[in-house]
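Q:
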Amino acid sequence: MNFYAYVLRRVLLIIPTLLGIMAINFFIVQAAPGGPVDQAIAQMKGIDMSATAAIGGGGGAPTHPSSAGNSLGSRGIDPELLEDLNKQFGFDKPVHIRFFNMLRDYARFDFGNSFYQDVPVIDLLLERLPVSLSLGGATVLIVYLFSVPLGIRKAVRDGSRFDVWTSVMILVAYAIPGFVLAMLLIILFCGGDFFSWFPLRGLVSDTHVSMGMLEQIGDRIHHLAMPVAAMVAGSFATLTMLAKNSFLDEINKQYVITAKAKGASENGVLYGHVFRNAMLIIIAGFPAALLGILFTGSVLIEVIFSLKGVGLLGFEAIMTRDYPVVFGTLFLFTLVGLLAQLVTDITYTLVDPRIDFGTRGG
């Protein structure tokens with residue numbers, strides 16, 4: 001019963017946490033310079049939009065046309081035109097009214113329309129999400145399948161030649177930024193100066209629709225191979241060393257020495273006792289790793305390989321001040337992150353049933 005009460009508390013806690021994050025970001029964005037109205041004015045005047053962002057009005061655009069007239073970027077603009085622009089972008093209402101209207105719509109998962117593409121934000125997210133899920137999901141799967149066993153092996157053979165050489169290779173891979181590795185892979189394997197084994201752009205081939213199911217799977221893997229390889233390096237290194245240090249810390253504890261003294265086999269101790277305790281810290285880092293790989297860490301990779309994912313969508317929206325897309329992606333990232341953290345806590349009980357949720361705060 002304690003477990004279900006804890007889960008209920010955590011689910012209820014998601015609502016105020018989500019509201020708090022959205023509120024903070026909403027009001028920060030409203031105060032940022034270079035909003036949609038300023039950018040529209042800059043385009044009319046032929047002014048560079050980055051310069052307008054530095055000298056223009058607030059990112060949320062002035063609430064009233066009279067205050068807009070005081071903005072350097074809006075001088076010489078017809079007040080009626082300013083009023084139309086404010087109305088077009090939804091800035092004709094006070095900021096707190098806009099915020100509560102946004103929350104009302106988001107409660108129905110209505111994220112509005114993009115300012116510049118005139119397409120529902122939810123449609124843009126649904127269109128881009130499979131790309132990010134394919135890229136991030138493959139990366140997470142490969143990283144966890146190889147990093148955890150390698151980390152365990154390194155912990156068991158700590159200080160050996162195997163441990164030293166694998167550590168050197170891991171640190172070298174970690175030191176190379178993902179986008180640099182992506183460019184190197186393109187040069188080597190994607191039609192650069194050497195081989196043309198893998199496609200340079202896109203997630204699937206032009207003939208993907210006409211292929212059979214197995215051919216479609218192979219085609220997608222063929223296109224994902226290089227982007228995933230570029231993303232795996234850094235995450236692989238981090239998780240491998242985390243797994244090694246976690247298992248090494250447990251291996252040196254007294255209960256392991258006692259179990260071995262009682263005649264337990266090395267594998268029996270390792271997987272019967274150490275594994276359960278050492279995996280807790282790895283599971284704890286799963287939500288952050290998942291979100292980082294799915295969204296944040298994939299932006300540059302999506303740009304380099306022309307993969308239209310959610311990370312790239314959010315980045316483009318920030319650069320163009322497309323606020324409905326910005327807040328739609330923020331809402332999605334935050335909600336997924338909070339749910340992932342809840343799933344992580346639930347997974348704790350599967351790994352270590354000794355954890356008592358009744359003693360944990362909500």
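Numbering follows my numbering, with no gaps: position 219 of the sequence shown is 219.
From the three backbone atoms N, C-alpha and C, an ideal C-beta is built for every residue, glycine too.
#1: Which residue marks the beginning of the alpha helix (DSSP H) containing His273, and which one marks its end?
#2: Where does Ser265 fall in DSSP's three states?
#3: Note down the Cα distance separating Asn101 from Pro94, rounded to an integer number of angstroms.
#4: Is there contact here, the stretch 224 to 236 with the stretch 244 to 264, by at least three beta-carbon pairs under 8 Å?
#5: When you compare the CB positions of Pro227 and Leu312, do they come within less than 8 Å of one another, or not?
#6: Suppose you measure from the CA of His222 to the CA of Asp322; what does that come to, to the nearest Å?
#7: So, using beta-carbon positions, are Leu124 and Val325 closer together than 8 Å?
#8: At which residue ranges does the stretch 87 to 116 contain complete alpha helix (DSSP H) runs of 4 or more residues, listed in the order of the chain?
#9: Note down the Cα distance separating Val204 from Ala264, rounded to an integer number of angstroms.
#10: Could you tell me which residues DSSP pairs with Ser196 in its beta bridges?
#11: When the Cα of Asn25 is compared with those of Asp345, Leu200, Leu330, which residue comes out closest?
#12: Tell me, please, which residues DSSP counts as bridged to Pro120.
#13: What's the call for Thr139, buried or exposed, on a 16-neighbour Cβ count within 10 Å?
#14: State the Cα-Cα distance for the pair Phe305 and Cys190, rounded to the nearest angstrom.
#15: Taking only three categories from DSSP, how would you classify Pro177?
#16: Using DSSP with H/G/I as helix, E/B as strand and the rest coil, what is Leu307?
#17: Around the Cβ of Pro199, are there at least 16 other Cβ atoms within 10 angstroms (buried) or fewer (exposed)?
A: Quick answer:
#1: No alpha helix (DSSP H) holds His273; DSSP gives it neither H nor E.
#2: coil
#3: 11 Å
#4: no
#5: no
#6: 33 Å
#7: yes
#8: 95 to 107
#9: 51 Å
#10: Cys190
#11: Leu330
#12: Asn113
#13: buried
#14: 10 Å
#15: coil
#16: coil
#17: buried
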